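One point on numbering: in this note's numbering, the residue at position 275 of the sequence shown is 541, and numbering is uninterrupted.
In what follows, a structure is listed as structure tokens, so that the remarks can point back to it.
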Amino acid sequence: MSEVPSTGGAEARLEALRARLRAEPKVLVAYSGGADSALVAAVAAAELGEAAVAVTAVSASLAARERRAARAFARAHGITHVEVATDELDRPEYVANSGDRCFHCKSALLDALVPLAGLSGAAIALGTNLDDLGDHRPGQRAAAVRGAIAPLVDAGLTKADVRAASELLGLETADKPAAACLSSRVAYGDAVTAEVLARIETAEEALRDMGFPTCRVRAHADGTVARLEVPAGDHERVSAVRAEIDAAVRGAGFAFCALDLQPFRSGRMNVLLGLPAVAGQP
Numbered sequence: 267m268s269e270v271p272s273t274g275g276a277e278a279r280l281e282a283l284r285a286r287l288r289a290e291p292k293v294l295v296a297y298s299g300g301a302d303s304a305l306v307a308a309v310a311a312a313e314l315g316e317a318a319v320a321v322t323a324v325s326a327s328l329a330a331r332e333r334r335a336a337r338a339f340a341r342a343h344g345i346t347h348v349e350v351a352t353d354e355l356d357r358p359e360y361v362a363n364s365g366d367r368c369f370h371c372k373s374a375l376l377d378a379l380v381p382l383a384g385l386s387g388a389a390i391a392l393g394t395n396l397d398d399l400g401d402h403r404p405g406q407r408a409a410a411v412r413g414a415i416a417p418l419v420d421a422g423l424t425k426a427d428v429r430a431a432s433e434l435l436g437l438e439t440a441d442k443p444a445a446a447c448l449s450s451r452v453a454y455g456d457a458v459t460a461e462v463l464a465r466i467e468t469a470e471e472a473l474r475d476m477g478f479p480t481c482r483v484r485a486h487a488d489g490t491v492a493r494l495e496v497p498a499g500d501h502e503r504v505s506a507v508r509a510e511i512d513a514a515v516r517g518a519g520f521a522f523c524a525l526d527l528q529p530f531r532s533g534r535m536n537v538l539l540g541l542p543a544v545a546g547q548p
């Protein structure tokens, strides 16, 4: 969905978010380091102090750069931050990578958080915003079953509101692009494995090092084919360094490397499910 601000203004939405979080004695924030969960974590820490803890799920699907960024943001803003290992790659339903993969991913995350929340009596807070409610996001079903709260939704924040509120607070995540998990790059129906995820991460890091900060390496044909997506304005530059890119992608473990003639667009894998690509998705 497009990023459209809701009515009422960023300051009013931010105050509503503060009030929603103050209503909880303690919260565990499911924190990936993206714009949404970073705002929830920062506001929760400001309102609740040590009663707010940001929890990052660590597995092969979390890119190392995103893990480092999440740690750095938490340190910079005085957020109590812990990491927990999640077991989604041990779940056959997740590895099978059907259209409901995100349900099994969110289930693994919440199954790790529920015991922690139970010990402290904390609510589990997610970074879901209003725009997410209209997207293809099976993970929301897992959240509903386990009773997690969505403070951004309750406070009426769209994605645009999240960015505006983050800017008001001076958060460096205000303009951070969507950075979905590495598993989102694997074509539906192909198995998600640690090996394929490592190939994707290595290839994307190589592209960024070559000057392509906005890129996706989509894995097809059981992780043998890499389909590269970059913005339309970068296509000529890709052509100019195609030999270097090909070598880097093959060096990451792919047998074939191809450039998608369509420009980068979030949510492109959704077309395999008969759904439109959706901004803010992988």
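Note that CB positions come from ideal geometry on N, CA and C, so glycine has one too.
These figures come from a predicted structure and were not determined experimentally.
Less than 8 Å between the C-beta atoms of residue 379 and residue 294, yes or no?
Your numbering for residue 379 matches position 113 in the sequence shown. Your numbering for residue 294 matches position 28 in the sequence shown. Yes.
DSSP on residue 530, reduced to helix/strand/coil?
The residue labelled residue 530 in the question sits at position 264 within the sequence shown. In the structure shown, residue 530 sits in coil (DSSP, three-state: anything other than H, G, I, E or B).
May I ask you to list the residues that DSSP assigns as paired with residue 525?
Position 259 of the sequence shown, counted from the start, is the residue given in the question as residue 525. Its beta-bridge partners are 494.
Taking the alpha carbon of residue 591 as the point to measure from, which residue in 386, 369, 464, 394 has its own alpha carbon closest?
Residue 591 lies beyond the stretch modelled for the chain, which goes from 267 to 548, so this question has no answer here.
For a minimum of 3 consecutive residues, which ranges assigned as the beta strand (DSSP E) are wholly contained in the segment 277 to 316?
293 to 296
Quick one: what's residue 470 bridged to in DSSP?
In the sequence shown, counting from the first residue as 1, residue 470 sits at position 204. According to DSSP, which records beta bridges pairwise, residue 470 is partnered with nothing at all.
Tell me whether residue 343 sits in a helix, a strand or coil according to DSSP, three-state version.
In the sequence shown, residue 343 corresponds to position 77, counting from 1. Note: residue 343 maps to coil in three-state DSSP.
Could you please give me the residues that DSSP links to residue 482 through a beta bridge?
To locate residue 482, count along the sequence shown from 1; it is residue 216. Residue 482 is bridged to 495.
How far does the beta strand (DSSP E) with residue 319 in it reach, from first residue to last?
Position 53 of the sequence shown, counting from 1, holds the residue named residue 319. 318 to 324 is the span of the beta strand (DSSP E), which, as asked, contains residue 319.
Which listed residue (314, 306, 324) has its alpha carbon closest to that of residue 460
Your numbering for residue 460 matches position 194 in the sequence shown. Measuring from the Cα of residue 460, the nearest candidate turns out to be 324.
Quick one, which of 350, 332, 326 has its alpha-carbon nearest residue 319's?
Residue 319 sits at position 53 when you count from the first residue of the sequence shown. Of all alpha-carbon atoms in 350, 332, 326, the one lying nearest the alpha-carbon of residue 319 is that of 350.
Sorted by chain position, which residues of the same chain lie with C-beta nearer than 7 Å to residue 526's C-beta, five sequence neighbours on each side aside?
Start at 1 with the first residue of the sequence shown, and residue 526 comes out as number 260. Excluding sequence neighbours, residue 526 sits near 493, 494, 495.
What separation, rounded to the nearest whole angstrom, lies between the Cα atoms of residue 430 and residue 444?
Sequence index remark: in the sequence shown, residue 430 carries index 164 (1-based). Sequence index remark: in the sequence shown, residue 444 carries index 178 (1-based). Roughly 15 Å separates the two Cα atoms.
Between which two residues does the beta strand (DSSP E) holding residue 390 run?
For the purposes of this step, residue 390 is taken as residue 124 along the sequence shown, with counting starting at 1. For residue 390, the enclosing beta strand (DSSP E) starts and ends at 389 to 391.
CA nearest to the CA of residue 280, picked from 436, 346, 481:
As a first step, residue 280 is located in the sequence shown; it is residue number 14 there, counting from the start. Nearest of 436, 346, 481 to residue 280, Cα basis: 436.
Taking all protein chains shown into account, decide if residue 368 is buried (16 or more other Cβ within 10 angstroms of its Cβ) or exposed.
In the sequence shown, the residue the question calls residue 368 occupies position 102. Residue 368 comes out buried.
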